[in-house]
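Per the working numbering, the very first residue in the sequence shown carries number -1; after that it's consecutive.
Contents: one structure, followed by commentary.
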Amino acid sequence: MAEPVVDLTGAIVIVAGAGGGGIGTCSCEAALAAGAEVVAVERSSDELDKLDLLPRSVAKVAADLTDPDAPATIVQATLDAHGRIDGLVNVAGGTSIDDFGPLSDIDHQGWDRVMANNLRYVAFLNQAVARAMINAGTGGAMVNISSVSSLASQPYLAAYGAAKAGLNSLTRTMAVEWGNHGIRVNAIAPGTITTPRAGDQESPEAARRAIPLGRRGHPAEIAAAAVFLLSPQASYITGQVLAVDGGMSVKLAMLGDDNAPVFVTDPEVRARMMGSDSP
């Protein structure tokens, strides 16, 4: 039998935001498949109970990640169960329909909620995990789930875009500060992903127009990238933001449905670009 391309045999990996059947659950599955021992963190005990369906049992920690005491609780529970920490994937976060609206209308409460859910908890959970890794002298790897919203302007979702852009900056800073301890820190910027929580709000036709690969992503595709970044196969990668988005972030807004610049209307020029049969 061929050896797995990604090998996490014996690694102890925390997945924060493990429930819900989306990127977090798939990250648990991918880490387990690569040979890791997983500590699953979720706010709801009900969501943690559903993880019994995973290939083998995982250690479970119920914690509200926005609680200032949560990082210490998660780290201590992991050390009690396994004695060390080798990896961390921060999946929890996201946004809700309540967060959409003009920047001119956002209030302090809404802004602070988005920052707490997407940036603040990551800063302090990573800090707590890094301290444990530094004390043990073992090094390790962390992966923060960002968003393509961090790579360009995000009209009508300003707080979320700002939080994820801050997460990218935080990732780079952590990579520099902790690199001499053998700790690698990277981020993944997913595009539109179909998850049980987010649903599939775009028609296939809309996805075809917006995404060069012509479809929304699957949570398992983000999980595969996360597990790779945790693994020894990524041993010389740190401080990076990897877009896993079907090409969404590299398609300019000025490109139309046919991927030609919308301002190019001359038939001769379009034929030269797109072929003589182009409309």
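Glycine included, every Cβ here is placed at the ideal spot set by N, Cα and C.
Just so we're clear, the structure is a prediction, and the values are computed from it rather than from any experiment.
Put simply, the backbone Cα of residue 81 is about 45 angstroms away from that of residue 212. Looking at the DSSP output, residue 35 sits in a beta bridge with 10. Excluding sequence positions up to five before and after residue 26, its CB lies within less than 7 angstroms of the CB of 13, 16, 36, 38, 49, 52, 56, all in the same chain and listed in chain order. Beyond the five residues adjoining it in sequence on each side, residue 6 comes within less than 7 angstroms, by CB distance, of 29, 32, 33, 34, 225, 228, 229 in the same chain, given in chain order.
Minimum Cα-Cα distance from residue 236 among the listed residues 77, 142, 44, 61 corresponds to 142. Counting along the chain, no alpha helix (DSSP H) covers residue 143; the unbroken beta strand (DSSP E) around it starts and ends at 138 to 143. DSSP, reduced to helix, strand and coil, places residue 58 within a strand of the structure shown.
In terms of Cα proximity to residue 83, the closest of 138, 105, 192 is 138. Runs of the alpha helix (DSSP H) lying entirely within the region 163 to 222 and spanning at least 4 residues, in chain order: 202 to 208. If you look at residue 241, you'll find it in the beta strand (DSSP E) that goes 239 to 242. Distance from the CA of residue 166 to the CA of residue 221, rounded to the nearest whole angstrom, comes to 18 angstroms.
Taking a C-beta distance under 8 angstroms as the contact criterion, residue 135 and residue 147 do not qualify as a contact pair.
Residue 218 and residue 266 have their C-alpha atoms some 44 angstroms from each other.
Sequence-distant partners of residue 182 (beyond 5 residues in either direction) whose C-beta falls short of 6 angstroms from its own C-beta, in its chain, are 139, 236. Boundaries around residue 133 are those of the alpha helix (DSSP H), 119 to 134, since no beta strand (DSSP E) includes it. In this structure residue 23 is buried. Its beta-carbon is surrounded by 16 or more other beta-carbon atoms within 10 angstroms. Residue 3 is classed as exposed because its beta carbon has fewer than 16 other beta carbons within 10 Å across all chains shown.
By the C-beta density criterion, residue 254 is exposed, having fewer than 16 other C-beta atoms within 10 angstroms.
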